[in-house]
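K.L.:
Handing you a structure now.
2 protein chains.
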Amino acid sequence: MIMERFLRNNRGHALTQEERKALESAVSEIKTLAPRKTIVRAREILHQSTFLMEGTMSRYIDDTNGVRQLVAIHFAGDFVDLHAYPLGILDHDVATTTEATVAIIPHAALGKIIRDLPQIAPKLWFATLIDAAIHRAWLFRLGRLDAVGRVAHFLSETNARLMSAGLSNGHRYALGLRQTDLAEICGLTTVHVNRVMRKLREDGLCEFRSSWVDIPEPARLAARGQFDPHYLYFVDERGGSQRTCPWGREPAD
Amino acid sequence: MIMERFLRNNRGHALTQEERKALESAVSEIKTLAPRKTIVRAREILHQSTFLMEGTMSRYIDDTNGVRQLVAIHFAGDFVDLHAYPLGILDHDVATTTEATVAIIPHAALGKIIRDLPQIAPKLWFATLIDAAIHRAWLFRLGRLDAVGRVAHFLSETNARLMSAGLSNGHRYALGLRQTDLAEICGLTTVHVNRVMRKLREDGLCEFRSSWVDIPEPARLAARGQFDPHYLYFVDERGGSQRTCPWGREPAD
DNA sequence: CGCTCGGTTGATGAATTTCAACAGTAGTGG
DNA sequence: CCACTACTGTTGAAATTCATCAACCGAGCG
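Taken in order, these protein sequences are the chains called U and E.
Numbering follows my numbering, in which position 77 of the first sequence is assigned residue number 77; successive positions increment by one, without gaps.
So the mapping is simple: my numbering equals the position in the second sequence, first residue as 1, plus 1000.
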């Protein structure tokens, strides 16, 4: 049950029962963390990674004045700092946003799983590459969208991710973020985010009240934020050639 | 010789002779590409990756009006789209910036190498995670720095990367970019980049003339851009506990 | 009740974009 | 050799977006 959602909708990279069981049995500890607690600091040497079972977590970089830029946000089913396994040290901090339930997986146990079930390695690699793809979408957002577009893009992306996790019905989802958090995600000030939210509300694109996001017409919001979910690499209904990741197979291809 | 620079300065993840030879013998083709040619489009199914031996390449996402945001820039010694191997499809385009010499490595051959030399897998994984770390630094740059800071940060980062590749002496390097490219990297307009460059010149922080970047005092430029190279994961002189990536070893740690 | 926190609003100013024009350089062909 | 073109860089002026500063509101809570 712990990692049910992990890689669930990713083309060709879903875990087998066996792989999921192996990961779950590698969990050394499950715990619930208070909201707004930093659990990993940049430059610390790490020997474990954190899988998020419930709640919301963030990864961020602070500037020299303490002004914060979020570089990622994570929801239930995300392997928050899996990249700490190959990297050993992170270049950013990791914190809870809401209260969060996490499963801790020691890197030593991860190593054992990969040795026992080598075909899991490309899937874990894949999972970290999805994070990188999301980073790129965020770069696009910050570099090329205006304030309204950035928020629209973020809320659309979040809708898509939460739908995939079974946490949004496509029109409405719970989001435990404050306007300050949106500002730190979108590279804006809190005051300006407030005005942007009003604009989105006035335009009928999105309501965000007491931790619920309502999106009457997701397509319109997506258009305003130039959002296209292809970079999330979810299985799409159209099927298409779902290339699976290679190694462990013969060099056919 | 082909991949001499690859992972050269990365802590604990340098390739062994054997691994490098294996990768180099997997090269199916070496070719020189004209400047400003797009060689990979988002959503194409890929069966090979591109290693950059000489020149400069970029990865980018265009908005619906064709305004471009670069999400990465690559120099000699970078494995430009290694992530295409686990992903199969990219979420962005890839292009040459200058004329470039590249080595093509079929994914089938990569699979074979990983099966033959499993300890290379975490190193390749690591290489793609460095790209992700750079994405995060770019997010910080776009989200939290002003125009002068963004350019200062980028030029400092590039100095650090090129030093590691042996292509900068720490004060001066060749950079085949136009002001338009800087704009697409830093999320600015070309006109404003022009003014920023003048400002950097006036402040004695940086000269950028006819493809050469001169940085009299790298520390001052870095300070202006809040640049700290730790996210590049280069070996540092201070040594420190150079954690190497695990699997293939016993679960000791 | 008084406090804190997150959200809201207004007024002002700074940073950046936009639009428009022009300069310098290199290449190209008559 | 010169005219012409193309490309990159440069500058000015006006418009716009967003940040900053400051105040206030409302809900929840001790």
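The beta-carbon is built from N, C-alpha and C at its ideal position, and this holds for glycine as well.
Remember, it's a predicted structure, so these values are computed and weren't measured experimentally.
Would glutamate 157(U) be called buried (16 or more neighbouring beta carbons within 10 Å of its own) or exposed?
P.N.:
Here residue 157(U) refers to the residue found at position 157 of the first sequence. So glutamate 157(U) counts as buried.
K.L.:
Check whether the Cβ of glutamine 1048(E) sits closer than 7 Å to any heavy atom of the ligand ADP, and report yes or no.
P.N.:
In the structure shown, the ligand ADP is absent, as is every other ligand, since no ligand is present at all.
K.L.:
Looking at chain U, is there any beta carbon in it that lies within less than 8 Å of the beta carbon of isoleucine 1104(E)?
P.N.:
Along the second sequence, read from residue 1 onward, the residue named residue 1104(E) stands at position 104. Not an interface residue.
K.L.:
Indicate the three-state DSSP secondary structure (helix, strand or coil) for glutamate 44(U) in the structure shown.
P.N.:
Residue numbering aside, residue 44(U) sits at position 44 when the first sequence is read from its first letter. Here glutamate 44(U) sits in coil by DSSP.
K.L.:
Could you please tell me which residues of the region 1034 to 1062 of chain E, in chain order, have their CB closer than 7 Å to any CB of chain U?
P.N.:
Arg1043, Ile1045, His1047, Ile1061
K.L.:
Mapping DSSP to helix, strand and coil, what is proline 1251(E)?
P.N.:
Here residue 1251(E) refers to the residue found at position 251 when the second sequence is read from its first residue. Because the pLDDT of proline 1251(E) is 43, which lies under 50, any placement of that residue in the model is unreliable, and the number read from its coordinates should be weighed accordingly. Coil at proline 1251(E), not helix or strand.
K.L.:
Mind reading off the beta-carbon distance from aspartate 1093(E) to threonine 1180(E)? Whole number of angstroms is fine, and I expect it under 8 Å.
P.N.:
For the purposes of this step, residue 1093(E) is taken as the residue at position 93 of the second sequence. For the purposes of this step, residue 1180(E) is taken as the residue at position 180 of the second sequence. Incorrect: roughly 16 Å between the Cβ atoms, too far for contact.
K.L.:
Extract the residue ranges of the alpha helix (DSSP H) inside the region 100 to 159 of chain U, only unbroken runs of 4 or more that lie entirely within it.
P.N.:
The region 100 to 159 of chain U is shown to contain whole alpha helix (DSSP H) runs of 4 or more residues at 107 to 116, 121 to 144, in chain order.
K.L.:
Given a cut-off of 8 Å, decide if glutamate 18(U) and leucine 117(U) are closer than it, judged by their beta-carbon atoms.
P.N.:
As a first step, residue 117(U) must be located in the first sequence, where it is residue number 117. As a first step, residue 18(U) must be located in the first sequence, where it is residue number 18. For leucine 117(U) and glutamate 18(U), yes; Cβs fall inside 8 Å.
K.L.:
Cα separation between alanine 1147(E) and arginine 1198(E)?
P.N.:
The residue given as residue 1147(E) occupies position 147 in the second sequence. The residue given as residue 1198(E) occupies position 198 in the second sequence. Computed Cα separation, rounded: 12 Å.
K.L.:
Using alpha carbons as the reference points, say which of Ile113(U), His74(U), Leu90(U) lies closest to leucine 15(U).
P.N.:
Position 15 of the first sequence, counted from the start, is the residue given in the question as residue 15(U). For the residues Ile113(U), His74(U), Leu90(U), the minimum Cα distance to leucine 15(U) belongs to Ile113(U).
K.L.:
Does any residue of chain U have a CB that is nearer than 8 Å to the CB of glycine 1143(E)?
P.N.:
Start at 1 with the first residue of the second sequence, and residue 1143(E) comes out as number 143. Yes, because at least one Cβ of chain U sits closer than 8 Å to the Cβ of glycine 1143(E).
K.L.:
Whose Cβ in chain U lies nearer than 7 Å to the Cβ of tryptophan 1138(E)?
P.N.:
If you number the second sequence from 1, residue 1138(E) lands on position 138. The answer, in chain order, is Leu139.
K.L.:
Return helix, strand or coil for arginine 1224(E), following the three-state DSSP convention.
P.N.:
In the second sequence, residue 1224(E) corresponds to position 224, counting from 1. Correct three-state label for arginine 1224(E): helix.
K.L.:
Excluding the 5 residues preceding and the 5 following serine 211(U) in the sequence, name in chain order all residues of the same chain whose CB lies nearer than 7 Å to its CB.
P.N.:
For the purposes of this step, residue 211(U) is identified with residue 211 of the first sequence, where counting begins at 1. Closer than 7 Å at Cβ, skipping near neighbours: Ala174, Leu175, Gly176.
K.L.:
Looking at the strands, I want to know which residues DSSP matches up with phenylalanine 1006(E).
P.N.:
Numbered from its first residue, the second sequence carries residue 1006(E) at position 6. None; phenylalanine 1006(E) has no bridge partner.
K.L.:
Beta carbon of arginine 1036(E), beta carbon of threonine 1097(E): below 8 Å?
P.N.:
For the purposes of this step, residue 1036(E) is identified with residue 36 of the second sequence, where counting begins at 1. For the purposes of this step, residue 1097(E) is identified with residue 97 of the second sequence, where counting begins at 1. Cβ atoms of arginine 1036(E) and threonine 1097(E): closer than 8 Å.
K.L.:
I want to see whether chain U comes within less than 8 Å of valine 1193(E), judged by CB atoms only; does it?
P.N.:
Start at 1 with the first residue of the second sequence, and residue 1193(E) comes out as number 193. No, valine 1193(E) does not count as interfacial toward chain U.
K.L.:
Note down the Cα distance separating arginine 150(U) from proline 1229(E), rounded to an integer number of angstroms.
P.N.:
Your numbering for residue 150(U) matches position 150 in the first sequence. Your numbering for residue 1229(E) matches position 229 in the second sequence. Roughly 28 Å between the two C-alpha positions.
K.L.:
Would you say leucine 1129(E) faces chain U, with C-beta separation under 8 Å as the test?
P.N.:
Here residue 1129(E) refers to the residue found at position 129 of the second sequence. Leucine 1129(E) counts as touching chain U.
K.L.:
Under 8 Å Cβ to Cβ from glutamate 1044(E), same chain only, skipping five residues before and after it: list those, please.
P.N.:
Stepping through the second sequence from its first residue, residue 1044(E) is reached at position 44. Excluding residues within five positions, the ones whose Cβ falls inside 8 Å are Ile1089, Leu1090.
K.L.:
What whole-angstrom Cβ distance do tyrosine 231(U) and alanine 72(U) have, given they're in contact under 8 Å?
P.N.:
The sequence position of residue 231(U) within the first sequence is 231, counting from 1. The sequence position of residue 72(U) within the first sequence is 72, counting from 1. Between alanine 72(U) and tyrosine 231(U) the Cβ distance is about 14 Å, and since that is not below 8 Å, they are no contact.
K.L.:
Whole alpha helix (DSSP H) runs in the region 18 to 89 of chain U with 4 or more residues, listed along the chain?
P.N.:
You should have 84 to 87.
K.L.:
What are the residues in the region 170 to 187 of chain U lying within 7 Å of chain E by C-beta distance?
P.N.:
Cβ contacts with chain E: Gly187.
K.L.:
Starting from the C-beta of leucine 1188(E), find all residues in its chain whose C-beta is less than 6 Å away, skip the five residues before and the five after it, and write them out in chain order.
P.N.:
If you number the second sequence from 1, residue 1188(E) lands on position 188. Taken in chain order, the residues that qualify are Ala1147.
K.L.:
Distance, Cα to Cα, threonine 1032(E) vs threonine 1101(E)?
P.N.:
Counted from its first residue, the second sequence places residue 1032(E) at position 32. Counted from its first residue, the second sequence places residue 1101(E) at position 101. So the alpha carbons of these two residues sit roughly 4 Å apart.
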